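Anchor point for the sequence shown: position 157 equals 157 in the numbering used here, and the numbering is continuous, going up by one each time.
Built from N, CA and C at the ideal position, the CB exists for glycine as well.
Computed from a prediction, not measured in an experiment: that's the story for all the values here.
This report refers to the structure that appears directly beneath it.
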Amino acid sequence: YKCFSCGESGNVITFVQKYNNISFQEAIKILAENAGINITLDTPKKQSAYDKYYDINDTALKYYKNNLISSVGTEAYKYLTDRGLTKELINEFNIGLSTGNKLSSMLLKKYDEVSLLSVDISKEISGNIYDTFQNRIIFPVIDEDRNVIAFSGRKYLRDDLNDNTQPKYLNTKETIIFKKGNVLYNINNSLQEIKKSKEIIITEGFMDTIRMSSIGYKNVVALMGTAFTKEHLEKIKSYKCRVVLNLDQDNAGKSATVSIGDELIKNNIDVSVIVFDDYKDSDEYIVNKGRDAFDLAYKNRISFIDFKLKYLRRNRNMSDSVEISKYINQAIESLNNIDDDILRELKINEISREFGISDSVIKGKLKDRVRKKVEVKSEVKNKRYNKYDISEIRILYLMLHYDEVINEFESSLGYLINDNMSSLAYKIIEFRNDYGYFEYSDFIDYISEDEKLNETLKEVMKYHNEDVYSEGELESYINTIKEYSIKKRIELLKQEMKDTLDINKKIEIAKKIENINKEVLKW
């Protein structure tokens, strides 16, 4: 396939990969099923320098899960079921139980003390080793590769719940394998559904995520607090999906919603917000009002800009002119981040009608920012190519389609000016030499993991090339690249001539330049 608008191209495998935002192996599996072919993909887990630490946490999780279903877990299990968690949900989220100080002594039979302390499974007090988590219900944190990287323990015993000296939740501190700012809780269970639905719902806590999953929302993750990092942003951008924010409905949650939504909007991500004012979070809301009520709240979620404009009115006296002015200025600042021209126009009209202000006044404040955005977009869209760029792109395009052009490139030129273009040319040659042939669709698979090469390939294919070419045309492109190299060589020689005071050296350099020019004339 080939899209002349965006430059994307490839074969059936890469099409399924990109369309569904899935891995190569997942695409193979889908295609095999569609073709009625039975296929088993052996995907061994990658070896990692952190395998020992993952293994410690995995062993600990098995211990915690076994505790919960044993006689020592009766009270904790009842606590969970009383909160509406079924056996299936407990298994889906790998919930377990830490008891007294027994885990560390067991783990020390297999692992060294330093490693246990490194992943915060154990802690050292006055030279003695103790379990970090004791008498708590355990929620494991599992990454996209299904590695257990951390734990969160919740108080559940009556006496402990009344003890305010200990936190309700105790979390693994940051370790060699756990960086809180990189983690989305439940991504291990939700990633496939996120890719399938092209939507991710972001909540604030474990129980919100688990509760929503219990009523069928399988594309839900939690931030483990309200901090939203650039690492979270990069993950979401890689999923290529819209975002539904469903944080707590209190002031802190609403403030976090605005902060996170602003960051997502700046990165051109579609954002909406679930709103319900009568309960603090989705866990309480679903428990008290049921699935149908939450489904309705989800269906009636509002755009982020509507949420933010409503939020900006909080605690303002909207009958006071100064307060209204402050609100409108903040609203205009928010509209500046919207790339959707129609949505921005609608919001301008709403504000204009509500407060009786001319829309030209509002647009005047927006004008400079919008104009700058348009200029930047225009510059990116209309990238100008000089004759050297065009020659490189054309040579590469023909190499991708004709074996004889690969041979001609190797024998007559062997290099390109731009480093990225050169890398692509060398990769084409490498593929042909390794496999004894060159096929464009196979080559796409060959470089599928190299982001830079894929971007360069996209640029080459996006330029509107013609498949037909003549020998004279190819020779002209090659000579243009050579011309650039000679030009640069002469510039260096001229600089060298200028820098030297030795008259004989100057004469020698002048002769070199003359000889180069004579060679060029032979073309």
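Beta carbon of F151 nearer than 8 Å to that of T172 | Against a cut-off of 8 Å, the Cβ pair of T172 and F151 comes out as a contact.
Quick one: residues in its chain with C-beta nearer than 8 Å to the C-beta of Y397, no 5 flanking neighbours on either side, listed in chain order?
-> V460, M461, Y463 and N465
Residue range of the beta strand (DSSP E) that F151 falls in?
-> V148 to R154
Using alpha carbons as the reference points, say which of T99, I37, I56 and E508 lies closest to L116.
-> I56
Alpha-carbon to alpha-carbon, D160 and L103 | The alpha-carbon atoms of L103 and D160 are separated by roughly 20 Å.
Relative to the alpha-carbon of G205, which residue among K218, L223 and N188 has its alpha-carbon at the smallest distance?
-> L223
Have a look at E508 and E471 and give me their C-alpha separation to the nearest angstrom.
-> When the Cα atoms are used, E508 and E471 turn out to be separated by approximately 37 Å.
Per DSSP, which one or two residues make a beta bridge with Y169?
-> R154
Are L108 and T59 touching if we call contact CB-CB under 8 Å?
-> no
Within 10 angstroms of the Cβ of G73, are there 16 or more other Cβ atoms? Answer buried if so, exposed if not.
-> Burial call: buried.
Touch test, the stretch 299-309 against the stretch 273-282, Cβ-Cβ under 8 Å, three pairs minimum | Yes, the stretch 299-309 is in contact with the stretch 273-282.
Residue environment, G290, which counts as buried when at least 16 other CB atoms sit within 10 Å = With fewer than 16 Cβ atoms within 10 Å of its Cβ, G290 is classed as exposed.
Roughly how many angstroms separate the alpha carbons of N524 and K218, rounded to a whole number?
-> There is simply no residue 524 to check, as the chain begins at 1 and stops at 523 in what is shown.
Is N268 closer than 8 Å to D208 when the C-beta atoms are compared?
-> no
Compare the C-alpha of N101 against each of V114, M421, E88 and K123 and name the closest.
-> K123
Could you check where the alpha helix (DSSP H) with S485 kicks off and where it finishes?
-> E471 to D499
Cβ of I395 within 8 Å of Cβ of Y477?
-> Yes, they are a contact pair.
The stretch 78-97 contacting the stretch 137-144, beta-carbon criterion three pairs below 8 Å = yes
Which term fits C3, buried or exposed, when burial requires 16 or more other beta carbons within 10 angstroms of its beta carbon?
-> Residue environment analysis places C3 among the exposed positions, since fewer than 16 neighbouring C-beta atoms fall within 10 angstroms of its C-beta.
Backbone CA spacing between S438 and I286 [nearest angstrom] = In the sequence under discussion, the amino acid at residue 438 is Phe, which differs from the Ser named in the question. So the two alpha carbons sit approximately 58 Å from each other.
N420: first and last residue of the uninterrupted alpha helix (DSSP H) it sits in = D419 to Y435
Among residues of its own chain, excluding the 5 on either side of V374, which ones have a beta-carbon nearer than 8 Å to its beta-carbon?
-> Any answer about V374 is weak, because its pLDDT of 49 lies below 50 and its placement is not dependable; what the coordinates show is given next. Excluding sequence neighbours, V374 sits near nothing in its chain.
Leaving out five residues on either side along the sequence, give the residues of the same chain with a beta carbon under 7 Å from the beta carbon of K512.
-> L493
By how many angstroms is the C-alpha of R242 removed from the C-alpha of L474?
-> 45 Å
Using 8 Å as the threshold, is the stretch 409-417 in touch with the stretch 435-451, meaning 3 or more CB pairs across them?
-> no
For Y497, collect the residues of the same chain with a Cβ closer than 6 Å to its Cβ; drop the 5 residues on either side in sequence, then sort them by chain order.
-> The residue asked about is misnamed: residue 497 is Met in this sequence, not Tyr. For M497, where only same-chain residues beyond five positions count, the Cβ hits under 6 Å are K506 and I509.
Distance between R384 and I406 (C-alpha atoms, nearest Å) | Rounded to the nearest angstrom, the two C-alpha atoms are 26 Å apart.
Can you find at least 3 beta carbon pairs, one from the stretch 276-283 and one from the stretch 330-344, that sit closer than 8 Å?
-> no
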